[in-house]
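Encoded as structure tokens, the structure appears first; notes follow it.
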Amino acid sequence: MSLGRFILKRALQGVFVIWGVVTVVFLLRFVTPGDPITFIAPLDASPALRQRIAAELGLNKPLYVQYFDYLAELVRGDMGYSYISGTEASARIFARLPATVELAVVATLVAVALSIPLGVVSATRRHEPADYAATTFSLAGISTPNFWLGIMLVLVLSVQFDLFPTSRRALGFVDALGYLAQGNPNGLIVWAKYITLPAITLGTYFTALITRLTRSGMLDELGKSYVRATRAKGLPESLVRYKHALRNTLIPVITVLGLQLGSLIGGAVITEAVFAWPGLGTLVINSINARDWPLIQGCLIVIGTSFVVVNIAVDALYAYVNPRVVYD
Amino acid sequence: MTDEILRVRGLSTRFFTEEGQVNAVEDVSFDVRNGEIYGIVGESGSGKSVTALSLIDLVDSPGRITAGEVWYRNADLAGEFRETRPEAVDGEFVDVRRLPEGVRRSLRGPAFSTVFQDPMSSLNPSLTVGEQIAEAVEVQRRARANPRRTRSRTQGYGLSNLIVDSVLPSRSYVSEESSERAVELLEQVGIPDPAERAEEYPHQFSGGMLQRAMIAQALAGEPDVLVADEPTTALDVTIQAQILTLLRDLQEREGMSVVMITHDLGVIARMCDRVGVMYAGEIVESGTLADVFENPVHPYTRGLLGSIPDLEDPAPRLQPIEGNVPSLLDSEMGDRCYFADRCPMAMEDCLTRIPEFAVSAGEPQGGVGSDLDGVDDAAGGGNGGAERGDDGTEHRARCVLAEREYDPERALPDGYFDPESAGPPRSADPERRREPEVNADD
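Shown next, in the form of structure tokens:
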């Protein structure tokens, strides 16, 4: 089976997974306390008014009718109307989504760019100072809670040395590119300044994790007999290490990378809170506090879908790197 | 008769483990002649594979070659280093161990090539077989084009080249030319549809086909010496015969020398011209195939030969060698013959360190004869001596029996090494011997 068909097949499976997510998210509303009408209606609303709101939201219909209505609306891209904020839920979510995706992608890229070389150096210079530095860093990175790290970074780098802004996001990457197109690189610089600390905060754990994984994987691969055979045929050490050993090390690394990237999209809540980053994480928290059901459901579905999409991409990449995977 | 390609002298390899120092290879010396197959035979854990790795200088940490010389005949290298490193040059020979690291590495492929035991784990699972063979060709192609760069630390191919080559789709380490040569090599080793098979990954190959591919890879550098480390152990019997035939044919066609390392005496008998028997890291007996097989001196060799079933004359019971290979931990190796506690003919003399003796021609040997179809009478007499004269190979054994006959009067009492009996030397404590030894044979 070709890679194209493999991806198509996984995409079809992904549709079913997303459908499952939607169903669970829909049912969630009926198993959690808090009546949405209470939050929408004024405190002194009459029963008649409450009835009317319920009818308008379709809450008086049987469950299965509500379910199919919801599905039909979702397929049309309608996630419902958020009474509490007074906007379409989808509009709010998609306004927030770029900030989260940017943060997750930048954090991941930085993490990958740092951790894989670090892991490789650590493995190839085992028991040398570079290795001790790398393992110490990864131990610290794994054990540091990121809310603390974020606050410390702000205190030192922003407040004390005034190198970076303390919080918020001035403009998006697309806006920055727009400035650049007009010949003004300052947009990009500002964008980079704002995203640096949140990206470090979010990416540190990840960097540490991948460093460890790369180090142990690389040590494992370098000890295998094919590496010895590769050396025996006279190949340069660069090829032995990077073309042979590293390639096989990356197979498990890619798996973890995919899972982590997926979770970064939904799980940047704490980092976003520390830096008042206007992403999905803060939106989820706020909407849960406000019992803003269309928004909660919308966010969860978007996060779930991202997870599925990232995983399909990772599976495809995995199959590309590892020829032993049979596409089926 | 001194057309040796390789002279190994006093090679010792030690592993420095947490349990202590392991003497995996101890003072091993042998010669490999041009175009011959030299066999090294021994049980698992006798140090034969470490010997192979020591030859190609690929002993991994915590192992280290601690002593010895590997003289390799190469007039060009000898000329090149005669001035700068006189200690590493002797006539046409160079001591590989004393050459600079880069030169040593550049000898892998054109001088020494290796076929490893398990083809499944000796090829990278995520690259095609063709590409891996082509790499081996490409190394030598680049070396010919630019020998100086090849000897540098990065062999003229550092990280930056690698990154550029892997990012740009138009570039690759392996040239078109080398890929074509890889297909040719696959054809040479008898792989059908070599062009298609070259595109496949190791897991799509059977074990026998994969070992053929490994041999093709080893041939890529047109080596002078092919080290075959248990090349057939991981294969089933019918495939073993095919691979051995292939190796023999290739060896004759290419005129290369082969060091055949195996535990299988059948393989040795079939393939080798001369043979060394290893036990506990030492070569305990060596000589021509006829001398060693038909007129064995060391009781260990006799024991090995006694454990082969004979189809012509199926004895009711094989004679296994009792016990196991001793621990090679330095602290547990006593100052005596390492085989004494398993030896049916151990004498008091064996408790002091056993020197190496050359067996003089025609000397009658003690009681136990070889079980190899009764030829020992013919070889034991003047016939064997005449063969040695022709060949120039001394028949040597590291055993007192090479010097004197077995004397039952001076034999150690039965159970001398058992813990219950009185007075075993401390180093021969069998409790310790039963400990799993560090597997240096892997």
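If you read the sequences in order, they're chains A and B.
Quick note, the first sequence lines up with residues 1 to 328 if you use the working numbering.
Quick note, the second sequence lines up with residues 1 to 442 if you use the working numbering.
Ideal placement from N, C-alpha and C gives every residue a C-beta, glycine not left out.
No experiment lies behind these values; they were computed from the predicted model shown.
By the 16-neighbour rule on beta-carbons within 10 angstroms, Glu56(A) is exposed. In this structure, the straight-line span from the alpha carbon of Leu317(A) to that of Pro323(A) is close to 11 Å. Annotated three-state conformation of Thr51(B) is helix, per DSSP. Burial state of Leu12(A) is exposed, judged by a 10 Å Cβ sphere holding fewer than 16 other Cβ atoms. Within the region 134-163 of chain B, Glu135, Ala136, Val139, Thr154, Gln155, Tyr157, Gly158, Leu159, Leu162 place their CB atoms closer than 7 Å to a CB of chain A, listed in sequence order. Taking 8 Å as the CB threshold, Gly262(A) stays off the interface with chain B. One finds Pro125, Ser126, Tyr201, His203 in chain B with Cβ atoms closer than 8 Å to the Cβ of Arg324(A), taken in chain order.
Beyond the five residues adjoining it in sequence on each side, Asp131(A) comes within less than 6 Å, by CB distance, of Ser122, Arg125 in the same chain, given in chain order.
Here Met214(B) carries a helix assignment [DSSP, helix/strand/coil].
By alpha-carbon distance to Asp236(B), the top candidate from Ala269(B), Gly63(B), Glu222(B), Ser206(B) is Ser206(B). Taking each of Gly39(B), Glu19(B), His395(B) in turn and checking the Cα distance to Met271(B), the smallest one comes out for Gly39(B). Going by DSSP, Leu11(B) is part of the beta strand (DSSP E) stretching over 4-17.
In the DSSP assignment, Val115(B) falls within the beta strand (DSSP E) that extends over 112-115.
Here Ile163(B) is exposed: its Cβ has fewer than 16 other Cβ atoms, across all protein chains shown, within 10 Å. For Ile210(A) and Gly266(B), the gap between their C-alpha atoms comes out near 50 Å. Interface flag for Phe116(B) against chain A is set, since a Cβ pair is found closer than 8 Å. Put simply, the CB of Ile56(B) is near chain A, with a gap under 8 Å to one of its CB atoms. Between the region 11-26 of chain A and the region 293-306 of chain A there are three or more C-beta pairs closer than 8 Å, enough to call the two in contact. When the alpha-carbon of Val15(A) is set against those of Val314(A), Ser306(A), Thr135(A), Ala319(A), the nearest one is in Ser306(A).
In this structure, Gly80(A) places its C-beta atom within 8 Å of the C-beta atom of Ala89(A). From the listed residues Gln188(B), Glu4(B), Ile56(B), the smallest Cα separation to Thr13(B) is found for Ile56(B). Within the region 81-114 of chain B, the residues whose Cβ lies closer than 9 Å to any Cβ of chain A are, in chain order, Arg105, Ser106, Leu107, Arg108, Gly109, Pro110, Phe112, Ser113, Thr114. A distance below 7 Å between beta-carbons, with the five flanking residues on each side excluded, links Arg108(B) to the following residues of its chain, in chain order: Ile56. Closest in alpha carbon position to Ala319(A), among Asp162(A), Gly58(A), Ile254(A), is Ile254(A).
Contact between the region 138-155 of chain A and the region 192-210 of chain A is present: three or more C-beta pairs spanning the two stretches fall below 8 Å.
DSSP places Gly39(B) outside any alpha helix (DSSP H); the residue lies instead in the beta strand (DSSP E), whose first and last residues are 37-41. The beta carbon of Val256(A) sits closer than 8 Å to those of Leu209, Ile210, Leu213, all from its chain and outside the five residues before and after it, given in chain order. Contact check for Val120(A) against Leu246(A) passes: the beta carbons are separated by less than 8 Å. Shortest Cα-Cα distance from Ser113(B) to any of Ala216(B), Thr232(B), Arg398(B) involves Ala216(B). The shortest CA-to-CA distance from Ala111(A) to any of Leu264(A), Leu177(A), Gln51(A), Val159(A) is the one to Leu264(A). Spanning the alpha carbons of Glu131(B) and Phe94(A) requires a straight line of approximately 47 Å. Against chain A, the beta carbon of Gly10(B) has no neighbour under 8 Å; the closest one sits roughly 23 Å away. Fully contained in the region 212-270 of chain A are the following alpha helix (DSSP H) runs of length 4 or more, in chain order: 225-232, 247-267. Assignment of Arg126(A) by DSSP, reduced to helix, strand and coil, places it in the coil class.
Bounds of any beta strand (DSSP E) do not take in Phe293(B); it lies within the alpha helix (DSSP H) bounded by 289-294. Look at the region 215-237 of chain B: the residues with a C-beta under 8 Å from a C-beta of chain A are Gln217, Ala218, Ala220, Gly221.
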